[in-house]
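*Asks:*
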Amino acid sequence: MSSAAPADRFDLPSAATRQATGTLLAGGVLTVPLPWATLAVTGSDAEKFLQGQVTTDMREVAGNQSRLGCLLNLKGRVQASFRAIAVADGYLLLLPADQLETTRARLAKYAVFSKVVLTPQARTISGLLGAGAID
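Numbering (my numbering), first residue to last: 186 to 320.
1. Please state the DSSP three-state secondary structure of L280.
2. Measure the C-alpha to C-alpha separation of L235 and A200 and round it to an integer number of angstroms.
3. Could you tell me which whole beta strand (DSSP E) segments of length 3 or greater appear in the region 235-259?
4. CA-CA distance, A192 and L280?
5. Under a Cβ-count criterion, where at least 16 other Cβ atoms within 10 Å of its own Cβ denotes burial, should D219 be classed as buried or exposed?
6. Let me know the secondary structure DSSP gives A273 once reduced to three states.
7. Using C-beta distances below 6 Å, list every residue in its chain close to M243, excluding the 5 sequence neighbours before and after it, in chain order.
8. Using the three-state DSSP reduction, which class does L219 fall into: helix, strand or coil?
9. Along the chain, where does the alpha helix (DSSP H) containing T304 start, and where does it finish?
10. Counting along the chain, where does the alpha helix (DSSP H) carrying R289 start and finish?
11. What does DSSP give as the partner residue(s) for T227 in the beta ladder?
12. Measuring alpha carbon to alpha carbon, tell me which of K294, N258 and S311 ends up nearest L303.
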């Protein structure tokens, strides 16, 4: 039987770390880098192209409204999940970084038939946590 405390066995934060994090969150903002990437889908056919490729109703993605969606294979199995965000010349698909290249490649097969450009974008995406995050 191991004599290590449960927190040590499972790499849980120590009491001091939890207390310091709690203090920080109560009075400030904590920025956490997230393992996400974006794929820009731009061009005059961006909405029509995505409407035919993903589960999202792209007409509902406008202004400050984003929508969740999936890219499915021919059997209806999820190949990628994303959040679609409207931008001036098309859309950004915010997705897990490990899905970026396969999603780009999958969409690229059909993009040649539309006036769209697929651009993987390196971005630093952070989440804000804490009482001051919405101020």
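Positions of the beta carbon are idealized from the N, C-alpha and C atoms, including for glycine.
*Replies:* Let me spell this out:
1. L280 falls in the strand class under three-state DSSP.
2. For the pair L235 and A200, the Cα-to-Cα distance works out to about 48 Å.
3. If you keep only unbroken beta strand (DSSP E) runs of at least 3 residues inside the region 235-259, you get 252-257.
4. Here A192 scores only 45 on pLDDT, less than 50, and its place in the model should not be relied on; the value that follows carries that caveat. Cα-Cα distance, rounded: 32 Å.
5. Here the sequence assigns Leu to residue 219, which means Asp is not the residue at that position. Here L219 is exposed. Its C-beta has fewer than 16 other C-beta atoms within 10 Å.
6. Three-state DSSP puts A273 in coil, outside helix and strand.
7. Take M243, set aside five residues on each side of it, and the residues of its chain with a beta-carbon closer than 6 Å to its own are E232, L235 and Q236, in chain order.
8. L219: coil per DSSP, three-state reduction.
9. Element bounds for T304: not the alpha helix (DSSP H) but the beta strand (DSSP E), V302 to Q306.
10. Where R289 is concerned, the enclosing alpha helix (DSSP H) starts and stops at L285 to A296.
11. Looking at the DSSP assignment, T227 forms a beta bridge with G275 and V302.
12. Of K294, N258 and S311, the residue nearest in Cα terms is K294.
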